[in-house]
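If you count the sequence shown from 1, position 19 lands on 53 in the numbering used here, and the numbers rise without skipping. The structure appears right after this line, and notes come after that.
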Amino acid sequence: MSPAAAASRTLFPVVLSGPSGAGKTTIRDRLLAEARSPGFLFSVSMTTRAPRARERDGVDYRFVSRSRFEALVDSGAMLEHATVHGERYGTPRDNLDRAREAGAHLLLDIDVQGARQVWEAVAEALSIFIVPPTAERIARQLRGRGSESPEQLRRRLTNARSELKAAAEFDRLVVNDRIEEAVAEVSALVAEGLVPARRLGAADRRYVRRIIGELDAL
Ligand code: 5GP
Numbered sequence: 035m036s037p038a039a040a041a042s043r044t045l046f047p048v049v050l051s052g053p054s055g056a057g058k059t060t061i062r063d064r065l066l067a068e069a070r071s072p073g074f075l076f077s078v079s080m081t082t083r084a085p086r087a088r089e090r091d092g093v094d095y096r097f098v099s100r101s102r103f104e105a106l107v108d109s110g111a112m113l114e115h116a117t118v119h120g121e122r123y124g125t126p127r128d129n130l131d132r133a134r135e136a137g138a139h140l141l142l143d144i145d146v147q148g149a150r151q152v153w154e155a156v157a158e159a160l161s162i163f164i165v166p167p168t169a170e171r172i173a174r175q176l177r178g179r180g181s182e183s184p185e186q187l188r189r190r191l192t193n194a195r196s197e198l199k200a201a202a203e204f205d206r207l208v209v210n211d212r213i214e215e216a217v218a219e220v221s222a223l224v225a226e227g228l229v230p231a232r233r234l235g236a237a238d239r240r241y242v243r244r245i246i247g248e249l250d251a252l
């Protein structure tokens, strides 16, 4: 991003990614509840997967059929889209307009394939990769959800590994050890308007390599 673009950057989208079990959803919900200006507007994604208990259409996701999803992709209505765990997920392009009209940062909780598409389309987007302090935490939280079959669990663990490998391309790593600290860290990065670099620092890259090693040893 050019220095002029960096200086005029105010309501940039904020992308949160990270392996399942990293606590992204909790961080996201805390950020949305913060009294801050500018605030965040949650980017409601579209998905073809079935709703889980307590999920509301239009609030947590917009649940659509595969044919409707693919028609929207074909018409260019998606900012990004990806297949995650065999289901389709995507961000409608007009979520960006909604955030701008609301005077808020669009807050996206999406996978790494989608994150790459967002920062390619929106140069000022800030990308933050959330990791748990240990690989065991990923496995434990995945099992704890209780809604996945052993086969789905294996698939999610494999997916977590490939997500971790993509972390090096993000602007910043946030370790979610204590939730309040992780939320404060993300909030501060947004407030200071961290300029995107699309590359983690060396220490953070080492940290991620350690988590991948732990995951392989489980
Ligand atoms: P879940 O089905 O558990 O809600 O989400 C599974 C994964 O899909 C999570 O990593 C979540 O971040 C990702 N995801 C949710 N919405 C989107 C989206 O709109 N685009 C992309 N690329 N990934 C998404």
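Each residue gets a CB set at the ideal place from its N, CA and C atoms; glycine is no exception.
Whole-Å CB distance - residue i paired with residue j, under 8 angstroms assumed
i	j	result
PHE74	ALA169	About 29 angstroms; that fails the 8 angstroms criterion.
ILE263	SER79	The requested residue 263 does not occur in the structure, where the chain is confined to residues 35 to 252.
ALA200	LEU234	Not really, about 11 angstroms apart at Cβ, beyond 8 angstroms.
PRO167	GLY57	Between GLY57 and PRO167 the Cβ distance is about 10 angstroms, and since that is not below 8 angstroms, they are no contact.
ALA159	PHE46	6 angstroms
LEU50	ILE172	Wrong, their Cβ atoms sit about 16 angstroms apart, outside the cutoff.
MET35	ALA157	5 angstroms
VAL224	VAL93	About 23 angstroms separates the two Cβ atoms, so there is no contact after all.
ILE213	THR60	6 angstroms
GLU182	LEU191	Wrong, their Cβ atoms sit about 10 angstroms apart, outside the cutoff.
GLU89	TYR95	7 angstroms
Same chain only: Cβ atoms within 6 angstroms of residue i, ignoring 5 sequence neighbours per side
i	result
GLY148	GLU114, ALA116
ARG64	VAL217
PRO85	PHE97
Selection from the options that minimises the alpha carbon distance to residue i
i	options	result
SER101	PRO166, THR81, ARG188	THR81
GLU121	PHE97, ARG70, GLY52	PHE97
SER196	GLY247, THR60, ARG206, ALA237	GLY247
VAL242	GLY110, LEU50, ARG206, GLU219	ARG206
SER221	LEU141, ALA236, VAL156	LEU141
VAL107	ASP91, HIS119, THR125	THR125
VAL146	ARG134, SER54, ALA136, MET35	SER54
GLU135	SER36, PRO72, ALA237	PRO72
SER99	TYR123, ARG239, ARG88, SER109	TYR123
LEU252	ASP238, ASP131, ARG174, SER109	ARG174
PRO230	LEU130, GLY178, ARG150, LEU66	ARG150
Chain-order list of residues whose beta-carbon lies under 8 angstroms from that of residue i (same chain, five-residue window excluded)
i	result
ARG232	TRP153, SER161, GLU203, PHE204, ASP205
THR44	PRO72, GLY227
GLU253	Any question about residue 253 goes unanswered here, given that the chain covers just 35 to 252.
ALA155	LEU113, GLU114
ARG132	LEU75, LEU140
ARG62	LEU50, PHE76, LEU141, ASP143
ASP91	PRO85, PHE97
Own chain partners of residue i with C-beta closer than 7 angstroms, once the 5 adjacent residues on each side are dropped
i	result
GLY52	LYS58, PHE163, ILE164, VAL165, GLU197
ARG189	HIS119
ALA111	PRO126, ARG127
ASP211	PRO167
ARG83	GLU121
Interface flag, residue i vs chain B, CB-CB below 8 angstroms
i	result
ALA216	Included in the structure is just one protein chain, with no chain B present.
*asked:* Please give the ranges of any alpha helix (DSSP H) in the segment 58-90, keeping only runs that are unbroken, at least 4 residues long and fully inside the region.
replied: 58-67
*Whole beta strand (DSSP E) elements within the segment 145-218, 3-residue minimum*: 160-165, 206-209
_Any beta strand (DSSP E) of 3 or more consecutive residues that is wholly inside the segment 116-142_ = 121-126
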